[in-house]
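Letter by letter, the sequence shown follows residues 1 to 476 in full-length UniProt numbering. We put the CB at the ideal spot given by N, CA and C, even for glycine. Source: prediction; values computed, not measured. A short write-up of the structure that comes next.
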Amino acid sequence: MNPSALPLRTRLAALTAAAVALAVAAIALSAWFLVRGQLLASLDERLQESRIPVNLLERARVTDCMADDSGGPGERGPSPFGDIAQLVDSRGQRCVIFGDIGLEVAAADRAVAADQRASALHTVTGTDGSAYRVLTRHLPGVDAEGLLQGPVALTVARPMDEVNDPLRALALVLAAVAAAGVVGAAGVGVLLARAGLRPVDRLTEAAEHIARTEDLSVRIPAEGDDELARLSRAFNSMTAALASSRELQQQLIADAGHELRTPLTSLRTNVELLTRSETSGRPLAPGVRRELMDSVTAQLGELGTLVGDLQELSRPERSGRAREITGLHEIAQRAAARARLRARGLEISTELDPWYVRAEPAALERAVVNLLDNAVKFGAGGGSVAVTLRDGELRIRDHGPGIPADELPHVWERFWRSPDARGLPGSGLGLSIVARTVRECGGEVGLAPAPGGGTVANLRLPGAPEPPPDGPVPRH
């Protein structure tokens with residue numbers, strides 16, 4: 001079964017149980033090997049302490065060792081000391097002197113019998129098939145006769161069951177404890193997963209509710225500073241941003257509909273008058289007809305400008321889009337030339353120092369044109385508009401009536417128009433486009449009352465007085 005198809009709660013519980021199982025297994029194995037080492041060391045210590053009296057060895061004559069069918073010793077009685085003892089020679093022959101079990105003779109035992117090493121401690125198999133722990137020591141001054149020849153060594157043994165039986169019991173206990181630990185860990189894992197994933201469940205329910213009802217007012221309680229709390233706060237911020245975006249979109253549609261209604265109503269009225277004069281056979285006077293046509297042309301131009309502004313504002317932010325190095329002074333010069341065509345005799349003076357910025361030339365020129373149009377529109381009675389560019393700051397000053405202080409915070413809002421300007425042409429989107437374009441270029445723009453009357457617009461963009469040979473424009 002694919003693990004990814006399981007619920008997250010089940011996967012967390014399974015991972016918890018697996019982690020506990022691995023930990024318990026590691027601890028159990030460590031405990032088993034530690035106890036085994038202790039038991040084996042204790043058995044070796046008992047073998048080291050085993051001492052068979054010399055007089056018993058003297059009475060156990062080698063000639064008394066009887067060979068069985070395999071060449072081994074015959075049976076003898078059990079050891080009075082609880083050990084199994086046998087004599088071995090350097091050829092590997094053995095003679096049991098205590099106990100009724102013959103022990104395998106290893107190469108180490110033969111080496112001890114030949115006096116090549118003092119002792120040997122290892123595990124061998126007895127004639128009964130069981131494992132025994134043996135200690136072999138050399139017997140100096142003892143020579144064998146009969147079955148054994150030459151110097152001999154004494155092998156003392158104890159059964160490995162003294163180690164294996166406790167280890168089997170310990171293994172059963174550890175297995176039972178491990179199984180209980182794994183089962184308990186699985187249950188605890190389920191409880192922890194259920195408690196830990198409760199915020200995720202709330203987040204899932206909120207997302208499903210939003211997808212089902214499109215209700216962006218849902219908020220998730222976020223407590224603490226952990227990852228789930230951060231996720232909840234991020235989700236709340238996302239839904240708040242979506243709600244704000246939807247509200248702005250609805251407001252934009254409502255404002256656009258309101259702004260479009262006025263030119264469309266006027267345009268429809270003028271077109272109906274022209275159509276009625278044609279269908280009724282009663283032509284309008286040439287002067288009236290010319291005024292109607294001029295009005296239709298102006299309304300079409302205003303409608304086209306409004307649609308263009310809406311298209312500009314509907315595009316996403318373009319701060320990450322590639323821009324090019326362009327001269328702000330050149331853009332301001334072209335914008336002033338365009339503004340003079342609509343200035344109706346209003347003087348527009350320019351004093352522009354070179355300043356190179358990284359921007360989209362068309363968008364930046366449109367923003368400067370909007371600032372100049374605003375100065376021309378509201379400074380028409382003031383006589384002149386001065387455009388200066390020094391140290392990267394573009395100043396556009398008019399000598400009109402100025403903007404009241406209580407209206408300055410609203411001039412950058414979409415479709416906002418002052419009460420005095422509602423009878424003038426325009427959509428109320430020009431300064432919004434300016435603010436957006438300047439923000440995309442990393443600059444600042446603002447309007448303020450000018451000393452002596454009028455309004456001054458200050459636009460500052462990062463750049464340099466000379467174009468760089470390559471790379472980005474250094475910040476001023």
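Outcome for residue i when other beta-carbon atoms lying within 10 angstroms are tallied against a minimum of 16
{"i": "Thr437", "result": "buried"}
{"i": "Ile253", "result": "exposed"}
{"i": "His399", "result": "buried"}
{"i": "His209", "result": "exposed"}
{"i": "Gln250", "result": "exposed"}
{"i": "Phe98", "result": "buried"}
{"i": "Gly72", "result": "Only weak support exists for where Gly72 lies, its pLDDT of 44 falling under 50; the value from the coordinates is given anyway. Buried, by the Cβ-count rule."}
{"i": "Ser319", "result": "With a pLDDT of 49 at Ser319, under the threshold of 50, the modelled position of this residue cannot be trusted; read the value that follows with caution. Under this definition Ser319 is an exposed residue."}
{"i": "Val445", "result": "buried"}
{"i": "Val182", "result": "buried"}
{"i": "Gly443", "result": "buried"}
{"i": "Ala405", "result": "exposed"}
{"i": "Thr204", "result": "exposed"}
{"i": "Asp89", "result": "buried"}
{"i": "Gly301", "result": "exposed"}
{"i": "Arg397", "result": "buried"}
{"i": "residue 540", "result": "The requested residue 540 does not occur in the structure, where the chain is confined to residues 1 to 476."}
{"i": "Pro78", "result": "Low confidence applies to Pro78: its pLDDT is 48, below 50, so where it sits in the model is not reliable enough to give any reading."}
{"i": "residue 479", "result": "Coverage of the chain is limited to positions 1 through 476, which leaves residue 479 absent and any answer about it impossible."}
{"i": "Gly37", "result": "exposed"}
Proximity winner among the options, relative to residue i (alpha-carbon distances)
{"i": "Leu192", "options": "Asp391, Arg11 and Gly443", "result": "Arg11"}
{"i": "Ala336", "options": "Gln299, Tyr356, Asn374 and Val357", "result": "Asn374"}
{"i": "Ala185", "options": "Ala23, Glu291, Gly287 and Thr204", "result": "Ala23"}
{"i": "Glu440", "options": "Leu461, Gly92 and Arg137", "result": "Leu461"}
{"i": "Gly92", "options": "Ala113, Ile84 and Ala179", "result": "Ala113"}
{"i": "Gln86", "options": "Val434, Arg194, Val156 and Leu447", "result": "Val156"}
{"i": "Ser119", "options": "Ser130, Pro140 and Ala131", "result": "Pro140"}
{"i": "Leu174", "options": "Ala18, Val35 and Ala339", "result": "Val35"}
{"i": "Met160", "options": "Tyr132, Arg137 and Leu154", "result": "Tyr132"}
{"i": "Gly452", "options": "Gly402, Leu371 and Ile27", "result": "Gly402"}
{"i": "Val200", "options": "Gly392, Gly430 and Glu227", "result": "Glu227"}
{"i": "Ala25", "options": "Pro449, Arg117 and Leu172", "result": "Leu172"}
{"i": "Glu407", "options": "Arg282, Thr455, Gly196 and Glu291", "result": "Thr455"}
{"i": "Val368", "options": "Asp391, Phe378, Arg338 and Arg342", "result": "Arg338"}
{"i": "Val411", "options": "Arg390, Phe378 and Thr388", "result": "Phe378"}
{"i": "Thr239", "options": "Pro354, Arg202 and Arg219", "result": "Arg219"}
{"i": "Gly430", "options": "Ala206, Ala21, Arg276 and Leu372", "result": "Leu372"}
{"i": "Ala153", "options": "Ser280, Leu121 and Gln333", "result": "Leu121"}
{"i": "Asp353", "options": "Ala13, Gly37 and Ala464", "result": "Ala464"}
{"i": "Ala17", "options": "Ala41, Arg46, Gln48 and Gly189", "result": "Gly189"}
Residue i: first and last residue of the uninterrupted beta strand (DSSP E) it sits in
{"i": "Asp398", "result": "Glu393 to Asp398"}
{"i": "Glu223", "result": "No beta strand (DSSP E) holds Glu223; DSSP gives it neither H nor E."}
{"i": "Glu440", "result": "Note, Glu440: premise wrong, no beta strand (DSSP E); alpha helix (DSSP H) at Gly430 to Glu440."}
{"i": "Ala386", "result": "Ser384 to Arg390"}
{"i": "Gly446", "result": "Glu444 to Pro449"}
{"i": "Val124", "result": "Ser119 to Thr125"}
{"i": "Arg460", "result": "Thr455 to Arg460"}
{"i": "Arg282", "result": "Segment: none, Arg282 is in no beta strand (DSSP E) and carries neither H nor E."}
{"i": "Val96", "result": "Arg94 to Phe98"}
Span of the alpha helix (DSSP H) around residue i
{"i": "Gly327", "result": "Element bounds for Gly327: not the alpha helix (DSSP H) but the beta strand (DSSP E), Glu324 to Gly327."}
{"i": "Val88", "result": "Per DSSP, Val88 belongs to no alpha helix (DSSP H); it is in the beta strand (DSSP E), Ile84 to Asp89."}
{"i": "Val112", "result": "Ala107 to Ala113"}
{"i": "Leu47", "result": "Leu8 to Glu49"}
Exercise. How do the region 323-335 and the region 360-370 stand: do at least 3 beta-carbon pairs fall below 8 Å, yes or no?
Worked result: In short, these stretches touch, since the Cβ pair count reaches three.
For this session: Starting from the N-terminal side, write out each stretch of the beta strand (DSSP E) that is 3 residues or longer and does not extend beyond the region 337-381.
Result: 347-352 and 356-359
Exercise. In the region 160-220, which residue ranges form an unbroken alpha helix (DSSP H) of at least 4 residues, counting only runs that do not cross its ends?
Worked result: 161-196 and 198-213
Exercise. Does the region 336-353 come close enough to the region 376-396 to have 3 or more Cβ pairs within less than 8 Å?
Worked result: yes
Exercise. For the region 161-178 against the region 106-114, are there 3 or more C-beta pairs whose distance is under 8 Å?
Worked result: no
Problem set entry | Inter-stretch contact at 8 Å, needing at least 3 Cβ pairs: the region 262-274 / the region 286-303 | yes
Problem set entry | Touching by the beta-carbon criterion (3+ pairs, under 8 Å), the region 93-107 and the region 125-143 | yes
Exercise. Do three or more CB pairs link the region 240-249 to the region 212-223 at distances below 8 Å?
Worked result: yes
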